[in-house]
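Here this note's numbering = 1-based position in the sequence shown + 1.
Following: one structure in C-alpha coordinates, then a few remarks.
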Amino acid sequence: MFEKLKEKWGIRSNWQMILIMVVFSLAGSSIVWVRRLAFPIMGIQESTPFWIKFLAWLAVFFPTYQIMLLVFGFLLGQFPFFWEKEKKMVKAIGRLFVNKKKA
(Lines of atoms letter the chains of each structure in order from A and count residues from 1; the text may use other names and numbers.)
(Lines give C-alpha, C1' and ligand atoms only; values in the text may rest on other atoms or scores of the structure.)
Protein backbone atom coordinates (compact mmCIF):
# COMPACT_ATOMS: atom_id res chain seq x y z
CA MET A 1 0.00 0.00 0.00
CA PHE A 2 2.73 2.47 0.93
CA GLU A 3 4.67 1.65 -2.22
CA LYS A 4 1.67 2.62 -4.37
CA LEU A 5 1.29 5.89 -2.49
CA LYS A 6 5.00 6.60 -2.74
CA GLU A 7 4.85 6.07 -6.49
CA LYS A 8 1.66 8.13 -6.94
CA TRP A 9 2.94 11.01 -4.82
CA GLY A 10 6.50 10.89 -6.18
CA ILE A 11 8.05 10.15 -2.80
CA ARG A 12 11.57 8.77 -2.83
CA SER A 13 12.14 7.49 0.69
CA ASN A 14 10.32 5.70 3.47
CA TRP A 15 11.44 8.47 5.85
CA GLN A 16 9.65 11.10 3.74
CA MET A 17 6.54 8.89 3.69
CA ILE A 18 6.63 8.62 7.49
CA LEU A 19 6.97 12.40 7.84
CA ILE A 20 4.02 12.98 5.50
CA MET A 21 1.86 10.56 7.48
CA VAL A 22 2.88 12.32 10.71
CA VAL A 23 1.84 15.67 9.18
CA PHE A 24 -1.59 14.24 8.27
CA SER A 25 -1.93 12.85 11.80
CA LEU A 26 -0.94 16.10 13.50
CA ALA A 27 -3.24 18.19 11.31
CA GLY A 28 -6.17 15.84 11.92
CA SER A 29 -5.60 15.76 15.66
CA SER A 30 -5.23 19.53 15.77
CA ILE A 31 -8.48 20.19 13.97
CA VAL A 32 -10.33 18.10 16.56
CA TRP A 33 -8.79 20.28 19.27
CA VAL A 34 -9.68 23.46 17.35
CA ARG A 35 -13.26 22.21 16.97
CA ARG A 36 -13.60 21.72 20.73
CA LEU A 37 -12.57 25.33 21.24
CA ALA A 38 -14.34 26.92 18.28
CA PHE A 39 -17.80 25.33 18.41
CA PRO A 40 -18.65 26.81 21.84
CA ILE A 41 -17.29 30.20 20.74
CA MET A 42 -19.51 30.00 17.65
CA GLY A 43 -22.49 29.07 19.83
CA ILE A 44 -22.76 25.57 18.37
CA GLN A 45 -24.05 22.96 20.82
CA GLU A 46 -25.19 19.33 20.69
CA SER A 47 -28.72 20.53 19.96
CA THR A 48 -27.60 22.65 16.99
CA PRO A 49 -29.02 21.28 13.72
CA PHE A 50 -26.64 19.15 11.68
CA TRP A 51 -26.78 21.45 8.65
CA ILE A 52 -25.47 24.37 10.72
CA LYS A 53 -22.64 22.21 12.05
CA PHE A 54 -21.88 21.09 8.51
CA LEU A 55 -21.79 24.66 7.18
CA ALA A 56 -19.54 25.69 10.06
CA TRP A 57 -17.26 22.77 9.25
CA LEU A 58 -17.02 23.79 5.60
CA ALA A 59 -16.56 27.48 6.34
CA VAL A 60 -14.12 27.24 9.25
CA PHE A 61 -12.62 23.84 9.81
CA PHE A 62 -11.92 22.69 6.28
CA PRO A 63 -9.74 25.74 5.52
CA THR A 64 -8.16 25.50 8.98
CA TYR A 65 -7.21 21.87 8.31
CA GLN A 66 -5.57 22.88 5.04
CA ILE A 67 -3.56 25.57 6.83
CA MET A 68 -2.58 23.07 9.51
CA LEU A 69 -1.27 20.74 6.80
CA LEU A 70 0.94 23.53 5.48
CA VAL A 71 2.15 24.57 8.94
CA PHE A 72 3.01 21.06 10.09
CA GLY A 73 4.41 20.27 6.65
CA PHE A 74 6.71 23.27 6.98
CA LEU A 75 7.77 22.31 10.51
CA LEU A 76 8.61 18.76 9.40
CA GLY A 77 10.31 19.78 6.17
CA GLN A 78 7.53 18.60 3.86
CA PHE A 79 6.13 21.98 2.83
CA PRO A 80 6.81 21.54 -0.93
CA PHE A 81 4.83 18.28 -0.96
CA PHE A 82 1.81 19.79 0.82
CA TRP A 83 2.00 23.07 -1.10
CA GLU A 84 1.69 21.18 -4.39
CA LYS A 85 -1.28 19.21 -3.03
CA GLU A 86 -2.96 22.42 -1.83
CA LYS A 87 -2.56 24.11 -5.21
CA LYS A 88 -4.11 21.11 -6.97
CA MET A 89 -7.00 21.04 -4.51
CA VAL A 90 -7.72 24.77 -4.84
CA LYS A 91 -7.63 24.43 -8.61
CA ALA A 92 -10.07 21.49 -8.47
CA ILE A 93 -12.44 23.37 -6.15
CA GLY A 94 -12.22 26.42 -8.41
CA ARG A 95 -13.34 24.33 -11.38
CA LEU A 96 -16.58 23.58 -9.53
CA PHE A 97 -17.49 27.27 -9.62
CA VAL A 98 -16.28 28.20 -13.09
CA ASN A 99 -18.72 27.96 -15.96
CA LYS A 100 -16.98 26.16 -18.81
CA LYS A 101 -19.50 26.92 -21.54
CA LYS A 102 -17.83 27.61 -24.84
CA ALA A 103 -19.50 29.69 -27.50
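Every residue gets a Cβ at the ideal spot worked out from N, C-alpha and C, and that includes glycine.
Cβ-Cβ separation, residue j to residue i (assumed contact under 8 Å), whole Å
i: M69; j: A28; result: 4 Å
i: F73; j: V33; result: Their Cβ separation, rounded to whole angstroms, is 14 Å, which puts F73 and V33 out of contact at 8 Å.
i: Q67; j: E87; result: 6 Å
Same chain, Cβ closer than 7 Å to residue i, five either side skipped, listed in chain order
i: S31; result: M69
Alpha-carbon to alpha-carbon, residue j and residue i
i: Q79; j: P64; result: 19 Å
i: E85; j: R36; result: 26 Å
i: F51; j: M43; result: 14 Å
i: A93; j: E8; result: 22 Å
i: S26; j: W16; result: 15 Å
i: S14; j: M2; result: 14 Å
i: W53; j: M22; result: A small correction: the amino acid at residue 53 is Ile; Trp does not occupy that position in the sequence shown. For I53 and M22, the distance between alpha carbons rounds to 31 Å.
Sub-8 Å separation of residue i and residue j beta-carbons
i: A57; j: I45; result: yes
i: F83; j: L71; result: yes
i: L76; j: L20; result: no
Own chain, CB closer than 8 Å to residue i, minus 5 neighbours either side, in chain order
i: L6; result: I12, M18
i: F62; result: I32, V35, R36, A39
Same chain, Cβ closer than 6 Å to residue i, neighbours up to 5 away in sequence not counted
i: E4; result: none
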